[in-house]
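Encoded as structure tokens, the structure appears first; notes follow it.
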Amino acid sequence: MHDPASSPSTAACAECPYKNAQKICMAPGGRHPEACPTVNQEAVLAAALAEYAKPDIAAFACRASIQEGAGYAERESGYAAVRPLKPRILEIAEFARRMGYSRLGLIFCAGLALEGRRAAEFYREKGFAVVSAICKVGQVPKETIGVKDEEKIAAGRHESICNPIAQAMLMNAAKTQLNVLVGLCVGHDSLVFKYSEAPCTVLAAKDRVFGHNPLAAVYTLDSYYRYLKQPLE
Ligand code: SF4
């Protein structure tokens, strides 16, 4: 079967050999490998540009980029001197304000209930109405979606499913304007993205081992956590 990921014309920016400042996607007249979407994927890039021409998308994208720039101090001193200023929790609040939003959704994991509560308080203190839903909402037994007893975290007892579809639908019913995810599991977050009517952003990505800092694994893949590179079973 044809694997689209193996085509030389398929985007493979992660393997690009050039430094950012040399890349054609960042520097006019810059360099690029053979499989470079900036030079090979004209139709896709044109389709993306057409989306940015839609007024609501244009406003969203423009304000996101303005927020990106506003995340730095010392901009008047040049690129080499700029300093990052704002943690993500504040960037989300500022972006929501920039968009004129007044109602946020806070979609959180039961394992991060304290963090969810504090984040909701933070956004309320910034002047937003906050609608929140925990992952276990609905108390649906895991058996309902086909999970076997031995596949639970602790066999022989009730376990509620994480219910990201209900979380998203609760936000949809409350007409939230931006949903903020706090610590959802892999896959459960995907379902929120799929079912949410409002755009979503992630305050925290769950990592049970690394204190919700998944990149700690990346930083240590070639040293203490090299065992993670062993083939999947
Ligand atoms: S130069 Fe081309 S291949 Fe390299 S990162 Fe940019 S778009 Fe991707």
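Counting from 50, one number per residue, gives the positions in the sequence shown under the working numbering. Where is the CB? At the ideal position from N, CA and C, for every residue including glycine.
Residue closest to residue i, alpha-carbon to alpha-carbon, out of the options
i: Q188; options: R257, A168, N89, C211; result: C211
i: G236; options: D256, G127, A223; result: D256
i: P213; options: S239, T225, G205; result: S239
i: S58; options: F144, L219, V93, M75; result: V93
i: G149; options: D105, E164, V131, E170; result: D105
i: Y128; options: P77, A102, A70; result: A70
Assigned secondary structure, residue i (DSSP; H/G/I helix, E/B strand, else coil)
i: F177; result: coil
i: R257; result: coil
i: K72; result: strand
i: Y121; result: strand
i: C211; result: coil
i: I106; result: helix
i: P190; result: strand
i: A84; result: coil
i: R206; result: coil
i: H51; result: Per-residue confidence for H51 stands at a pLDDT of 47, beneath the threshold of 50, marking its modelled position as unreliable; the derived number appears in the next sentence. Here H51 sits in coil by DSSP.
i: V196; result: coil
i: A60; result: coil
i: G165; result: helix
Inter-residue Cα distance where the pair is residue i and residue j
i: H81; j: A95; result: 19 Å
i: R173; j: V180; result: 10 Å
i: E164; j: F171; result: 10 Å
i: A61; j: P263; result: 22 Å
i: L195; j: E91; result: Rather than Leu, the amino acid found at residue 195 in this sequence is Gly. Straight-line Cα distance between these residues: approximately 44 Å.
i: C249; j: T269; result: 29 Å
Other residues of its chain near residue i: CB distance less than 8 Å, five sequence neighbours each side excluded
i: R147; result: R112, I115, Q116
i: H261; result: L161, G232, A253, A254, K255
i: N221; result: Y244, S245, E246, A247
i: C234; result: C158, C184, C211, K255
i: A168; result: I138, L155, F157, V229, V231, L252
i: G205; result: D198
Close beta carbons around residue i, own chain, < 7 Å, minus the five adjacent residues each side
i: I202; result: E208
i: Q216; result: I156, A182, C184, V186, V241
i: A266; result: F259, Y274, L277
i: P66; result: P82
Residues of its chain near residue i, where Cβ-Cβ distance is below 6 Å and the 5 sequence neighbours each way are ignored
i: K72; result: G79
i: K135; result: G120
i: K175; result: A142
Task: Given 8 Å, three or more beta-carbon pairs between the segment 82-94 and the segment 114-130 - done: The way I'd put it, the segment 82-94 doesn't touch the segment 114-130; fewer than three beta-carbon pairs between them come closer than 8 Å.
Task: the segment 214-229 / the segment 149-165 touching (three or more Cβ pairs under 8 Å) - done: yes
Open item on the list: Measuring CB atoms only, is the segment 133-140 touching the segment 101-110, in the sense that at least three cross pairs come out at less than 8 Å?
Closed with: Contact between the segment 133-140 and the segment 101-110 is absent, because fewer than three Cβ pairs lie under 8 Å.
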